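Visitor: Pasting a structure here, questions to come.
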Amino acid sequence: MSEARSYLELHFRDLEQQRETAELGMWVFLMTELLLFGGLFTAYTVYRSTYPQTFALASHELSAPIGTINTAVLLVSSFGVALSVHGAQVNGRKRLLVGLAVALLLGIVFLVLKGYEYHDHYVHHQVPGLDFAWTRPQPEQAQVFFFLYFLMTGVHAVHLIIGIAIVTVLWFQSYRRRYSPEYYTPVEVGGLYWHFVDVIWIFLYPLLYLIR
Amino acid sequence: MSVDGSESERDYLNVAYGVRSWLLTTDHKRIGLLYMVSLTLMFFVGGFMAVLMRLELLTPQGDLVTSDTYNKLFTLHGVIMVWFFLIPSIPSVMGNFILPLMIGAKDVAFPKLNLLSWYVYIVGALFTFYVVVSGGVDTGWTFYTPFSTTAANTHVVSTTLGIVIIGFSSILTGLNFIVTVHKMRAPGLTWFRLPLFVWSLYATSVIMVLATPVLTITLVLVAVERAFHVGIFDPALGGDPLLYQHFFWFYSHPAVYIMILPGMGVVSELITCFSRKKIFGYNFVAFATLGIAFFGFLVWGHHMFVSGESIYAAMTFSFLSYLVAVPSAIKVFNWTATLYKGSVSFETPMLYALGFIGLFTIGGLTGLFLAALGLDVHVHDTYFVIAHFHYIMVGGMVMAYFGGLHYWWPKISGRLYPEGWAKLAALIIFIGFNLTFFPQFILGYLGMPRRYHAYAEEFQVLNVMSTAGASILGVGYLLPFTYLFWSMRYGRKASANPWQATGLEWTTPSPPPGHNFAVTPVVTEPPYNYPTTEALPEPYREAQVV
Chain A
185 MSEARSYLEL HFRDLEQQRE TAELGMWVFL MTELLLFGGL FTAYTVYRST
235 YPQTFALASH ELSAPIGTIN TAVLLVSSFG VALSVHGAQV NGRKRLLVGL
285 AVALLLGIVF LVLKGYEYHD HYVHHQVPGL DFAWTRPQPE QAQVFFFLYF
335 LMTGVHAVHL IIGIAIVTVL WFQSYRRRYS PEYYTPVEVG GLYWHFVDVI
385 WIFLYPLLYL IR
Chain B
22 MSVDGSESER DYLNVAYGVR SWLLTTDHKR IGLLYMVSLT LMFFVGGFMA
72 VLMRLELLTP QGDLVTSDTY NKLFTLHGVI MVWFFLIPSI PSVMGNFILP
122 LMIGAKDVAF PKLNLLSWYV YIVGALFTFY VVVSGGVDTG WTFYTPFSTT
172 AANTHVVSTT LGIVIIGFSS ILTGLNFIVT VHKMRAPGLT WFRLPLFVWS
222 LYATSVIMVL ATPVLTITLV LVAVERAFHV GIFDPALGGD PLLYQHFFWF
272 YSHPAVYIMI LPGMGVVSEL ITCFSRKKIF GYNFVAFATL GIAFFGFLVW
322 GHHMFVSGES IYAAMTFSFL SYLVAVPSAI KVFNWTATLY KGSVSFETPM
372 LYALGFIGLF TIGGLTGLFL AALGLDVHVH DTYFVIAHFH YIMVGGMVMA
422 YFGGLHYWWP KISGRLYPEG WAKLAALIIF IGFNLTFFPQ FILGYLGMPR
472 RYHAYAEEFQ VLNVMSTAGA SILGVGYLLP FTYLFWSMRY GRKASANPWQ
522 ATGLEWTTPS PPPGHNFAVT PVVTEPPYNY PTTEALPEPY REAQVV
């Protein structure tokens with residue numbers, strides 16, 4: 185198993201071709217993902233410019249401190265992933281395992297904080313579709329804001345959950361010494377995905393929490 | 022199948038037997054056949070809806086079906102034909118089968134993903150079947166809001182979810198093809214030695230990967246708005262219905278190019294092979310392919326001239342729509358220039374290719390009528406539009422699909438189809454098609470609106486012609502279905518290269534072995550390197566006599 189040859193799938197000429205193929209595949213997939221979020225970003229931009237005042241008011245209902253902490257959490261998790269890829273490259277087993285574990289734990293921390301925020305919105309009747317109540321003017325505009333907020337952060341959270349699942353699998357495989365400097369493509373490709381989920385949040389954070 | 026498989030090397034069809042060996046295959050050739058079977062089924066289901074519609078329109082009164090049923094018929098016809106036949110048609114069937122062979126690869130880049138995308142397709146199709154049996158959907162294939170999210174009392178959510186799911190199938194196929202073309206080409210096969218079919222699949226895949234996710238998220242928004250009654254497109258809830266149309270057409274206009282570019286690629290192969298000539302202006306055709314894919318993303322607003330978009334947006338979209346005509350025209354001119362002084366012969370695939378050029382040109386030029394701001398107001402939502410896009414979709418893409426199917430049939434099945442029957446079917450399809458859809462141009466210009474089950478008396482003659490044409494077209498479609506099946510068992514055995522065509526797919530036996538090539542081919546020639554003066558050698562035509 186430790187021999188590099190065993191990782192080579194039959195339809196590739198060599199490991200180099202296999203690695204480049206996997207990486208390009210992930211990049212193309214991320215382009216697709218970008219366009220998926222692109223639809224949501226466009227909808228947000230359109231409604232933000234149509235209902236600027238209500239959106240500013242509604243944005244105040246989000247907890248900027250939690251949003252900020254979560255941003256830091258995700259950035260550090262991305263550092264963990266970068267660390268693990270480097271660990272795989274230089275045969276640094278400890279670095280690989282610790283890096284993935286850091287990403288995994290911080291990913292969960294992010295979700296917990298996000299869940300707390302969601303709960304808070306639920307308590308304050310700010311979930312569209314579930315007895316939404318808005319005492320200030322233009323409730324339907326505020327509802328559009330919260331709908332977009334839940335959908336954008338929700339789709340992001342789904343991606344993060346998938347990312348956590350990927351990192352968990354990678355951790356166990358690394359623990360069983362599957363990866364080596366000759367072959368660590370899954371770590372690298374999984375890492376790309378994790379960074380992408382992080383980058384999406386980097387855009388969600390100012391749009392939803394900071395522009396007021 | 023044949024019993025003498027033991028004497029030669031095992032091919033992909035008899036390398037393993039049984040249902041499992043098909044349902045769990047990662048061989049791109051077998052996956053191509055899985056798609057072919059599923060798409061054929063969907064084609065006939067969608068076609069059945071069209072038959073009922075044409076029967077209803079035989080008389081001016083709405084007497085065969087109620088208006089509600091009629092609404093469901095045209096909606097399901099559109100949904101099934103667009104997403105479950107046309108979009109995956111050439112890419113998923115012939116692209117899957119031929120692309121790796123054409124570039125000298127053992128398989129696509131991600132064989133398991135390839136199988137997954139077929140299963141995703143099937144799940145999407147099951148949603149649609151559920152909709153068909155549980156009462157249908159009546160919004161039209163465009164799901165315009167707020168009707169789809171509020172007033173429609175049919176299965177909008179299931180239908181949109183089915184389309185979301187099949188969207189992933191399309192994305193996965195596109196992703197696979199892009200990476201395959203980039204990374205799996207045989208040594209020496211540079212970008213400008215690629216067959217033009219590969220270029221067209223590449224451009225199509227780019228559109229699939231970039232446009233489909235926007236439809237995905239849009240239909241999710243529609244489903245959520247409908248299911249939970251929260252506003253995003255419904256004006257009563259603070260939404261903007263025009264935004265829905267922007268989103269929908271941002272996907273669905275490029276999707277038109279998903280539905281035509283692969284057909285253009287097939288036609289490029291056919292025209293060169295049956296003219297025994299290099300394609301005229303290879304680079305122009307290749308770049309025109311990318312140009313169509315690019316401009317295709319910038320013209321969606323021409324669907325919304327009467328929907329309340331600003332006049333400046335409309336002018337811009339109109340202008341950009343005219344630009345798409347340039348690369349399309351380049352292709353048509355280059356095909357005709359390829360024919361010029363070629364040794365043209367009229368085998369069945371060539372009949373389809375020539376049919377394609379004529380019908381696509383009519384469809385494309387009437388598209389320019391529709392892109393003109395003033396004229397569009399007159400013919401918007403009339404049968405003129407129906408006729409226009411059927412000339413592209415059916416006259417273009419379905420013709421190319423059949424052309425490609427016949428051209429590669431010896432490679433796919435290892436058998437020759439009966440040429441006489443095939444020529445007859447091609448002729449019947451061409452006549453039936455024109456009789457069905459040409460009268461609709463006139464009907465639309467005279468003002469008959471689309472999507473009604475009853476119409477004014479004076480339109481009856483043209484409608485009867487159209488229905489008669491549809492019956493002929495139906496017979497035309499049943500013929501290949503029958504004789505291709507027949508040929509799998511009784512057709513003559515095909516040699517590796519029955520057409521004496523260029524291209525790596527013809528260098529391997531018919532049907533190809535499981536791993537495609539015994540030795541990885543090395544390419545040293547430009548594409549379409551036909552000796553320019555020789556006609557298609559006779560042996561093939563002799564072999565056709567059954």
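Heads up: the sequence lines are chains A and B, in that order.
Sequential numbering from 185 applies to the first sequence in the numbering used here.
Sequential numbering from 22 applies to the second sequence in the numbering used here.
By construction, the Cβ of each residue, glycine as well, lies at the ideal position given by its N, Cα and C atoms.
Small disclaimer: the values here were computed from a predicted structure and weren't measured.
1) So which of B:Leu242, B:Phe95 and B:Phe410 has the shortest CA-CA distance to His228 (chain A)?
2) Hey, is Leu222 (chain B) close to the ligand NAP, as in C-beta under 6 angstroms from one of its heavy atoms?
3) Can you check the stretch 35-67 of chain B for any alpha helix (DSSP H) of at least 4 residues that lies completely inside it and give the ranges in chain order?
4) At a Cβ threshold of 7 angstroms, is Gln357 (chain A) touching chain B?
5) Secondary structure at Tyr300 (chain A), three-state DSSP: helix, strand or coil?
6) If I measure Cβ to Cβ from Leu290 (chain A) and keep anything under 8 angstroms in the same chain, skipping five residues before and after, which residues do I get?
7) For Phe148 (chain B), I'd like the list of residues in its chain whose CB is within less than 8 angstroms of its CB, leaving aside the five on either flank, ordered along the chain.
8) Using a threshold of 7 angstroms, state whether the C-beta atoms of Ala441 (chain B) and Gly490 (chain B) are closer than that.
9) Of the residues B:Pro370, B:Gly145 and B:Leu196, which one's Cα is nearest the Cα of Asn117 (chain B)?
10) Can you tell me the Cα-Cα spacing of Thr457 (chain B) and Val72 (chain B), whole angstroms?
11) To the nearest angstrom, how far is the alpha carbon of Glu187 (chain A) from that of Phe196 (chain A)?
12) I'd like to check one pair, Leu122 (chain B) with Asn537 (chain B): are the Cβ atoms closer than 7 angstroms?
13) Using the rule of at least 16 other Cβ atoms within 10 Å of the residue's Cβ for burial, across every protein chain shown, is Val378 (chain A) buried or exposed?
14) So, is Gly574 (chain B) buried or exposed, given that buried needs 16 or more other C-beta atoms within 10 angstroms?
15) Going by DSSP in three states, Thr403 (chain B) sits in which element: helix, strand or coil?
16) Kindly indicate which three-state DSSP category Arg436 (chain B) falls into: helix, strand or coil?
17) My understanding is that Val227 (chain B) touches Ile199 (chain B), with C-beta atoms under 8 angstroms, so please give their C-beta distance in whole angstroms.
18) What is the residue span of the alpha helix (DSSP H) that Ser339 (chain B) lies within?
19) Determine, for Gly347 (chain A), whether the minimum Cβ-Cβ distance to residues of chain B falls below 7 angstroms.
20) Classify Val365 (chain A) as buried or exposed, calling it buried when 16 or more other Cβ atoms lie within 10 Å of its own Cβ.
21) With a threshold of 7 angstroms between beta-carbons, can Val36 (chain B) be considered close to chain A, or not?
22) Specify the secondary structure class of Ser364 (chain A) as computed by DSSP and reduced to three states.
23) Let me make sure I understand the geometry here. Which of B:Leu319, B:Gly329 and B:Ser190 has the alpha-carbon closest to that of Tyr1 (chain B)?
24) Taking the alpha helix (DSSP H) that Leu181 (chain B) belongs to, which residues open and close that run?
25) What residues in its chain sit with their C-beta under 8 angstroms from that of Ala17 (chain B), if we drop five residues either side in the sequence?
26) Check whether chain B comes within 7 angstroms of Trp385 (chain A), counting only Cβ atoms and requiring the distance to be less than that.
27) Please report the distance separating the alpha-carbon of Ser339 (chain B) from that of Leu297 (chain A).
28) Does the count of Cβ pairs from the stretch 264-279 of chain B and the stretch 511-530 of chain B closer than 8 angstroms reach three?
29) Using the three-state DSSP reduction, which class does Lys278 (chain A) fall into: helix, strand or coil?
30) What residues from chain B crowd round Thr205 (chain A), counting only those whose CB sits closer than 7 angstroms?
31) Along the chain, where does the alpha helix (DSSP H) that runs through Val257 (chain A) open and close?
32) Is the CB of Leu220 (chain A) under 7 angstroms away from at least one CB in chain B?
33) So what does Lys514 (chain B) bridge to, in DSSP terms?
34) Between Val320 (chain B) and Leu341 (chain B), what straight-line distance do the alpha-carbon atoms span, to the nearest angstrom?
35) Taking a contact to mean a Cβ-Cβ separation below 7 angstroms, would you say Ser233 (chain A) touches Leu281 (chain A) in this structure?
36) Would a C-beta distance cut-off of 7 angstroms place Thr216 (chain A) and Pro234 (chain B) closer than the cut-off?
Guide: Walking through what the data contain:
1) A small correction: the amino acid at residue 228 (chain A) is Tyr; His does not occupy that position in the sequence shown. That would be B:Leu242, whose Cα lies nearest to the Cα of Tyr228 (chain A).
2) Ligands in the displayed structure: none, and consequently the ligand NAP is not present.
3) The stretch 35-67 of chain B contains these whole alpha helix (DSSP H) runs: 40-44.
4) By the rule that beta-carbons nearer than 7 angstroms mark a contact, Gln357 (chain A) does not touch chain B.
5) In the three-state reduction of the DSSP assignment, Tyr300 (chain A) falls in the helix class, which pools H, G and I.
6) Leaving aside the five residues that flank Leu290 (chain A) on each side, the residues in its chain whose CB is nearer than 8 angstroms to its CB run, in chain order, Val257, Leu258, Val260, Ser261 and Gly264.
7) Here the set comprises Ser179, Thr180, Leu182, Gly183 and Ile186.
8) One detail in the question is off: residue 441 (chain B) reads as Gly in this sequence, not Ala. Cβ atoms of Gly441 (chain B) and Gly490 (chain B): not closer than 7 angstroms.
9) Nearest of B:Pro370, B:Gly145 and B:Leu196 to Asn117 (chain B), Cα basis: B:Leu196.
10) Taking the straight line joining both Cα atoms gives about 11 angstroms.
11) Residue confidence is low: Glu187 (chain A) scores 48 on pLDDT, short of 50, so the model does not pin down where it sits. No coordinate-derived value is stated.
12) In this structure, Leu122 (chain B) lies closer than 7 angstroms to Asn537 (chain B) by Cβ.
13) In the sequence as presented, Val is not what sits at residue 378 (chain A); that position holds Trp. When all chains shown are included, Trp378 (chain A) counts as buried.
14) No statement about residue 574 (chain B) is possible, as the shown extent of chain B runs from 22 to 567 and does not include it.
15) Residue state, collapsed to three classes: strand.
16) Strand at Arg436 (chain B).
17) Correct: roughly 7 angstroms between the Cβ atoms.
18) For Ser339 (chain B), the enclosing alpha helix (DSSP H) begins and ends at Ile332 to Leu360.
19) Gly347 (chain A) does not count as touching chain B.
20) Looking at the sequence provided, one finds Pro at residue 365 (chain A) rather than Val. Residue burial is scored here from C-beta neighbours: Pro365 (chain A) has fewer than 16 other C-beta atoms within 10 angstroms and is therefore classed as exposed.
21) Not closer than 7 angstroms to any Cβ of chain A, the Cβ of Val36 (chain B) fails to qualify, so no.
22) Judged by DSSP in its simplified three-state form, Ser364 (chain A) adopts strand.
23) Nothing can be reported for residue 1 (chain B), as the shown portion of chain B is limited to 22 through 567.
24) According to the sequence displayed, residue 181 (chain B) carries Thr and not Leu. It spans Val177 to Lys204 - the alpha helix (DSSP H) in which Thr181 (chain B) sits, taken as one unbroken run.
25) Residue 17 (chain B) is absent from the model: chain B starts at 22 and stops at 567.
26) Trp385 (chain A) does not count as touching chain B.
27) Ser339 (chain B) and Leu297 (chain A) have their C-alpha atoms roughly 49 angstroms apart.
28) Per the Cβ contact rule, the stretch 264-279 of chain B is not in contact with the stretch 511-530 of chain B (fewer than 3 Cβ pairs under 8 angstroms).
29) Helix at Lys278 (chain A).
30) In chain order: Ala130, Val200 and Lys204.
31) Residues Ala248 to Gln273.
32) Yes, because at least one Cβ of chain B sits closer than 7 angstroms to the Cβ of Leu220 (chain A).
33) For Lys514 (chain B), which the question treats as bridged, DSSP gives the partners B:Arg436.
34) Whole-angstrom Cα-Cα distance: 6 angstroms.
35) Not a contact, by the Cβ cut-off of 7 angstroms.
36) Yes, Cβ-Cβ distance for Thr216 (chain A) and Pro234 (chain B) is below 7 angstroms.
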